[in-house]
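Residue numbers (the working numbering): 167 to 1294.
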C-alpha cells in the first residue's frame, strides 16, 4: 500500500449533473490559480438522472478525478466501461465504486458510501447490484471489513461489531483521509454552534452512517444531498495516549450543475491541503472553533432539536445503555452529561411564542414558588390549549436543578397518551440538557409540591436571571434597522454587513449653548461619537456564527480604520469600547467609538485601569486569549485604547452599563454628560450633527470600497444596501502572491492560505529573514504546541519592532489564532517598509511619491488620468500606459480599444508577467468587477512597476560607465587568457624528453593535473568572456549606444582560432608523453628477455654437469667442485 510522503492538495466539487464541460473548465481555472492539485473528488452525482453517459466522450480531465454513486443510477455505458476496465472511465477519471476504500499512488486514502437510504430495501438485503443507487447492508459491511480498519485476522464486518471496536482502534492515525457520502449522518448537528443559523436542514440523514464515520475517522467528510453549503466545526478523535490526535472536518457542498433555487448557487467547491499523518509525524495542532466529538457523546444525551428537525429519530429506550435504563427506572432521573455551547432550538415554528414564554416562566418560577407557576401556566395553557401540537424539545438546565427536574414529567423516548401531550418547552439557562414534555399543569404542580416537601427553594441555587417575557413584550432590537422606531436620521453610512450612526445623547457636546457657556468646540464636526452596529441581529460580536463573522468583523474594522483617519485629520484619536451581554432584553451587538484629543493618548488606558479597579473589575492579563476562552457564550467589557492597549473584563455579576461613558466623561471633564438620557437634543439638532459628521467622515471613509452607501439626512424607509464586501479576499490573495515571490526566490514552499500558513510563525520568520537579509536566530521550525507557535510569532513581531517598524494592536495570539484583519495590516506594514518606503519623489511620502511618479509617466496620454490608486486603474489603461512609456515595443497603444476595461487590464497583467517579470499579484476581476478596487492591493502591484522601470532608468543613466568598464574588463581578461595559453603551450614545446620510466610517469601525472586545474580555469574563463561579450552587445542594443568590437587580436574569433591551436598542442603533448612511455616500456621488455635467456642457458649447463657425475659421492662432490667455475 502506498504511503503519503508529502502534503497533497485536494479539490472537492459538488454534483456536476452531466455539465462536464463546465466542470472541466472550473477545475482547470482553479488548478491554474491555486494548484497544481493531486486529486479531485466529485461529491454527489457526476451524471444527471437519465443520462446516457456520452457526455464524457472526448473530454480531458486536467486532474486525477474520482467519483462515486449519488442518488442517481450510473449510466449503462459508464457501467459497461467500468466493468471492462475495473474503474477507469477515461484518462484521469476513475469510478471508486458504490462503497469502497481506495489508496491512490500518492497515498491518499478515500472511502465512499454512495447511494440513498431506503429502510425496507436495506432490511431486505436482496439488492446485490454494485451500481444500484441504494445503500445496502452488503455495501456498508464491505467498507467495515476493509483491512485498513481491521489489521487483525478477526475483522469486524458488521455494524454491531463496528460499534464495539470503534473505540478500540490502536492508533488515532488509523483511518481514511476522505469520506464521500451521499447523505449525512444526523449526529453532525449535535453540539454544532453554526447549525442553528442555517436556513436549511440536514437532508435525508442516515443514522447508520454514524458507525461508518466512527470506523473511518476521516480527516475530511463530504456529502452533497440537499440545498446549501455548510462547513461544520472540526471535532477530534482520541488516540491511544488518551488525547485528541486526529481531526475531522465535515463539509456540505452545493451542486455545480443544474438550476439553483433563487438563481444563486451555493458554494460548490472546497480546496484544501492534506499534510502527511502517520504514527511518526507530530500530532496536528488543534484547529480553531472545535467542538466535542458528536459521534462519541454519552448515550444519555438526548438528541438535539436540530436532529429532530433534520428527521433523526430517537433511539428506542431498549437501545440505551444499562446506566441510562437504570436512570429511568429510578424516578425518571437521567444523567448529567456536559455539553458545550448548548442551543435551544425550537422545531415547530408555530410554537415559538408559547415555548419562549414558558421557558422564561419556568426559569423565574424556580425561585418564586409554585403559586406563580400555577398562575402563569394556567393562563398560558388556557390560551394555547386548542392549538398546541404534541412536540418536545431540548432543555438547558443547571446541574443544581436536577433534584427538581427528576419529579417533573420527563419524556425520553417515552410514548405518552395523546391527552397528556400538551407539550411545552422549559429552559433554565445554560448547563446540562434535559428533555421535558407532557407539561400539563396538574402534573407540574404535583411535581413542584412534592419536591418542596424535601427541600427549600433557596437551596436549589438556580440561575434565574432570565426575565419573563412574551413576543409582545420583546421590542425589535433597539439597533435593528428593521425596527420602525430606529432613529434613521442619525445614520451616517450603511455597508453590506454593518452601519455607522451617531448615538442618541452622544458624550461629546455640540450645542451652541454649551460653547456659549465656555465649553470647548468639538474637535470633530458633529461630535464624532459613533456606533458601529451589525445589520443582522447578534447579541455580541463574539456570538456571531463563524460563517458570518468574517464579513461583519472585516467591515467593522474597516469602518474603525476610517473613523481613525477621520479623527486624525482633526487632531483626535479614537477610544473604542464594547459591552457584550447575552442576557439583556433585545440586546444588539455594537461598539462605541469616542474621539479624544491626541494629547491625552497615553492617559486613556491608565484612566480605565484605575476606574475599573475602584469598581472591582478584574482586567485580564491576556485580553484576546480570555475572550477566545469564553467564546460565543461569554459576557465581557472590552476597551481599545489609542496607544494600542486592549483591556478586557469578563462580566461575572452586576456591571455599570455607563462605565465607558463614566471614564471618558471624567477624562474629558464632561461629568454632566455621563448619562445619555440627560444629553437629549431636538431632532433638528441631531440631524445637523449627523450631517456635519457625515461630511467629515465621507472624506476618509472606505465607504465605496466597503460597499457602503451614505444615508441622506432626511432619509426614511428601508436603508440602501451596498455591494458585497470583497476587499479582504482581494487583499489576502494579492499579499499572498507578493509574499510568495519572496519565498520562491529562496526555493521555499509557497503559501496557500495566509491564516493557516502564518499560524505557526515559521513562514513569517522565513519572510522576515529574506526581506531583511538578516537571520533571526534559532526558532521552532516544526512547532506542534500552541506555545511554540506563539514563541515564533513573538520573535517575528519583536524583530519587526526592533527594526523601527510600528505595529498596532497585533500580538502573537492574533497570528496564531488567524486574525485576518490584523494579519493583513501587518503584511501591509511590511510591504510599506521593505518595498514602498524606498519610493521617493520630491520628498513626498511613499504613497504620494508613487502617485506622482505614475502621473508624470502617463502625463502624455490623454486617455489616462491617474488621481488615486482606486478607480484610476480600473480600466487597465494606466497600466498599459506605464508599460508603453518604458517599453513601447510591448504594447501597441494606438490599437488599444480604450473602452475594453477587462481586455486592457488582462493585456497589462499578461505583458507585465511575461515580458517584464512582474508577478501577477491581481486578477482581472479584482480590478474590473468591483465597485472600487482595493487601494492597498493596487499600490502593492504598481510598486512592482516602479521598481522595475526605475531600475531600468537608473541602469540607462549609468550604462555608459558600466559599458566602458565592461569593455576594458573584457579586453584585459582576454589578454591575460591568451598569455596564459601561450605560456602553457611553450612549456610543452620546451620540455625535455624523459629518459627513464619514472621520469616519464612524472610527466604524465603533471599533464593530468594540468587538465584538472589549469585547463578547467581556461575553459571557464573562455565561457565567461563569451557571456560578457554577449551582455555588452545586448546593453548596447537596448540603450541604442555606439557599436563596439574589441581590438584586433582580442576578439572572440581570435580566441577561437588560438583555442583550436592550443587544443592541437595539448593533444600533441599528450601523444608525445604516451609515445615516450611506450618506447621506454619496449626497451625494458627487450632487456628483460635477454637476461632471462642467459639465465636459462646457464641453468641448462648446470643440469648437464650434474647429470654426468659418476662414482661415489665424495668423488662426485670433488668433481663438481673442480668444474664449478666452468659450469657456471
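From the three backbone atoms N, C-alpha and C, an ideal C-beta is built for every residue, glycine too.
A direct Cα-Cα distance of roughly 28 Å separates residue 359 from residue 236. In the structure shown, residue 432 falls within a coil segment according to DSSP collapsed to helix, strand and coil. Within the same chain, Cβ atoms closer than 8 Å to the Cβ of residue 695 are found at 668, 669, 672, 673, 674, 758, 759, 760 and 761, the five residues on either side in sequence being excluded.
Here residue 1106 really is in contact with residue 900; their C-beta atoms are around 6 Å apart, less than 8 Å. For residue 187, the three-state secondary structure derived from DSSP is helix.
Bounds of the alpha helix (DSSP H) holding residue 1270 are 1218-1273.
Between the region 680-688 and the region 714-728, the count of Cβ pairs shorter than 8 Å is below three; the stretches do not touch.
Put simply, the backbone Cα of residue 754 is about 6 Å away from that of residue 703. Residue pairing by DSSP places residue 265 opposite 279 in a beta bridge.
In the pairwise beta carbon analysis, the region 929-940 is classified as touching the region 960-976: at least three pairs are separated by under 8 Å. If you ignore the 5 residues before and after residue 1040, its C-beta comes within less than 7 Å of the C-beta of 1067, 1093, 1094 and 1099, all in its own chain and listed in chain order. In the displayed model, residue 422 falls within coil according to three-state DSSP, outside both helix and strand. Taking all protein chains in view, the Cβ of residue 1223 is surrounded by fewer than 16 other Cβ atoms within 10 Å, so the residue is classified as exposed. At the C-beta level, residue 379 and residue 314 stay beyond 7 Å of one another. Rounded to the nearest whole angstrom, the CA to CA distance from residue 969 to residue 1000 is 11 Å. Closest in alpha carbon position to residue 955, among 1045, 940, 971 and 977, is 977.
Excluding the 5 residues flanking it on each side, residue 1187 has same chain C-beta neighbours closer than 6 Å at 1143, in chain order.
Shown here, residue 757 sits in a strand according to DSSP, grouped into three states. Under the DSSP assignment, residue 774 falls in the alpha helix (DSSP H) whose first and last residues are 770-780. Residue environment for residue 856: buried (at least 16 other C-beta atoms within 10 angstroms of its C-beta). Sequence-distant Cβ neighbours of residue 1192 in its own chain, meaning closer than 7 Å and more than five residues away, are 1218.
In this structure, the straight-line span from the alpha carbon of residue 982 to that of residue 918 is close to 16 Å. The way I'd put it, the region 263-278 does touch the region 167-177; three or more beta-carbon pairs between them come closer than 8 Å. For residue 175, same chain residues with a beta-carbon under 6 Å away, outside a window of 5 residues either side, are 203, 204 and 439 in chain order. Following the DSSP letters along the chain, one finds residue 371 in no beta strand (DSSP E), marked with neither H nor E. The DSSP-derived three-state label of residue 1059 is helix.
Residue environment: residue 207 is assigned as buried (16 or more neighbouring CB atoms within 10 Å of its CB, all protein chains considered).
The shortest CA-to-CA distance from residue 780 to any of 1134, 693 and 825 is the one to 825. Residue 809 has its alpha-carbon roughly 9 Å from the corresponding atom of residue 739.
Assigned with DSSP and collapsed to three states, residue 740 falls in strand.
Around the CB of residue 1029, fewer than 16 other CB atoms lie within 10 Å, so the residue is classed as exposed.
The Cβ atoms of residue 722 and residue 698 lie closer than 7 Å to each other. A Cβ-Cβ separation of about 4 Å places residue 806 in contact with residue 742 under the 8 Å criterion.
The C-alpha of residue 421 lies about 15 Å from the C-alpha of residue 350. Boundaries of the beta strand (DSSP E) around residue 804: 802-806. In terms of Cα proximity to residue 735, the closest of 764, 718 and 714 is 764.
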